[in-house]
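Below is one structure, written out as structure tokens; the observations come after it.
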Amino acid sequence: MSTKPIKVLQIIPSTGYGGISSMLMNLYRNIDKNKVQFDFAAFNRGQLHDEICANGGRVFYFDYIKKQGPIAYIKKIRQLIKDNGPYSAVHVHSGFKSGFGLLASRLQGIPIRVCHIHTSNTEQSWQKPLLPILKKISLVNSTKLIACGQEAGYFMYGKKDFEILTNAINVNSFTYTNPIDIDKIKMDFKIQKGCMVIGHVGRFVQVKNHNFMINIAEKLKKMDINFKMVFIGDGPLKMDVQHLIERKGLSENIILAGVRSDIPEVMGVFDVFLFPSLFEGLPVSLLEAQASGLPCIVSTGVPKESDVGAGLVKFLEIDNGVDNWVNQIIYEVSKGRGDKKSAGSKLLENGYDIQDNIQRLMEIYNVSS
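My numbering applies: residue 4 is where the sequence shown begins, and numbers increase by one.
Below is the structure:
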């Protein structure tokens, strides 16, 4: 006798490529869909929409909470649950605004309500006075507290008990890449032999600190170094970044490559990975860079736990200035890549195994193995 899979509603910011959606899609692609099926509620439609639907999931879109107001949003989430359930669990990935989705789920009688935090700070200063009440709404309406790492958990939950569910990646997809595909990307990017390639993967938002990377590129150009800097991603500040690149005369040096699905191969093009974020939760792209054997230069705003111990991550203070970052880039590139198999082993040792995370997620959802 066949039984239907249980349904879980995942509330996320967007179905575009990003840290949260990448983490969740890594899980969704690998779960047993005879046992569990995900639906998604999001604010923005992105490149992952069609893949979700092809895997049997449904996606529902809403206006931003700020635009429609919390009460209207709560009503719409309740109606979604009522019309499209029954859902065994609702898993909310909306940061400190998760409480609204969790409250709607509680009012609708959802037994398993998961609050999942992916950041260790808030991007906009005006939001900070609201944090205590917003966090409280999340805490009182959750049945399970999850964080991507220790710093994110302490930021959101304080002294409350929480569980860490790491941002697992498919290590094998980075360990075994096709050299032909990598060479094709080099041709597409017009990268010639002997050119230093500095890579970054991240949304065009203030916290990712693209302006600082542009200052680094400006310094490298003044030093007459043959280089390309590649920005992978999209976001609200992309046009501002593009205009700054043009004003500084760096259009030949900096490539805005947009959103891409071939990240393992793109990582194979880079000589060094640059990540000067103002703060982070636990960035998926930094884990992917380490899985690729890339030397990584990251800011101290990135949690130390994101270094898996493969000898690939160097932490620098942003306040140390551009010159120190440039010198470190040149040094790391001169050393070359690390061993991908060794880095992959370290990732698995540190809990970034996709199958282990799926098993833990099934336990959270009370799904029998």
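Glycine residues also receive a C-beta, built at the ideal position from the N, C-alpha and C atoms.
Rounded to the nearest angstrom, what separates residue i and residue j at their Cα positions?
i: Gly347; j: Asn330; result: 27 Å
i: Ala220; j: Asp186; result: 23 Å
i: Met4; j: Val39; result: Since pLDDT at Met4 reaches only 40, below the 50 mark, its modelled position is unreliable, and the value read off the structure follows with that caveat. So the alpha carbons of these two residues sit roughly 17 Å apart.
i: Asn403; j: Phe65; result: Since the displayed the chain opens at 4 and closes at 372, residue 403 lies outside it and no answer follows.
i: Asn356; j: Gln130; result: As written in the sequence, residue 356 is Asp, which differs from the Asn given in the question. Approximately 35 Å between the Cα atoms of the pair.
i: Phe177; j: Val200; result: 18 Å
i: Lys224; j: Leu240; result: 23 Å
i: Phe41; j: Cys198; result: 44 Å
i: Ser97; j: Met226; result: 43 Å
i: Thr303; j: Ser101; result: 27 Å
i: Phe63; j: Gly341; result: 42 Å
i: Glu352; j: His121; result: 21 Å
i: Met242; j: Glu255; result: 17 Å
i: Leu297; j: Tyr334; result: 13 Å
i: Ile113; j: Ala92; result: 6 Å
Taking the alpha carbon of residue i as the reference point, which residue from the options has its own alpha carbon closest?
i: Glu291; options: Trp328, Ser264, Lys147, Lys222; result: Ser264
i: Glu268; options: Ile248, Gly21, Thr180; result: Thr180
i: Arg363; options: Ile167, Thr18, Gln195, Gly314; result: Ile167
Would you kindly check if the distance between the Cβ of residue j and the Cβ of residue i is under 8 Å?
i: Ser316; j: Val301; result: Checking the displayed sequence, the identity of residue 316 turns out to be Val instead of Ser. Yes, they are a contact pair.
i: Leu285; j: Glu320; result: no
i: Val336; j: Asp237; result: no
i: Leu350; j: Val311; result: yes
i: Asn144; j: Leu105; result: yes
i: Lys189; j: Ser280; result: no
i: Met28; j: Leu12; result: no
i: Phe192; j: Lys231; result: yes
From what residue to what residue does the beta strand (DSSP E) around residue i run?
i: Asp42; result: 39 to 45
i: Phe278; result: 275 to 278
i: Ala150; result: 147 to 150
Give the range of the alpha helix (DSSP H) segment to which residue i is assigned.
i: Phe99; result: Careful: Phe99 lies outside any alpha helix (DSSP H) and carries neither H nor E.
i: Gln358; result: 357 to 367
i: Gly347; result: 343 to 352
i: Leu30; result: 22 to 33
With DSSP as the reference, please indicate the residues paired to residue i in a beta bridge.
i: Phe63; result: Ala44
i: Met199; result: Phe230
i: His119; result: Ile149
i: Val93; result: Leu12, Arg116
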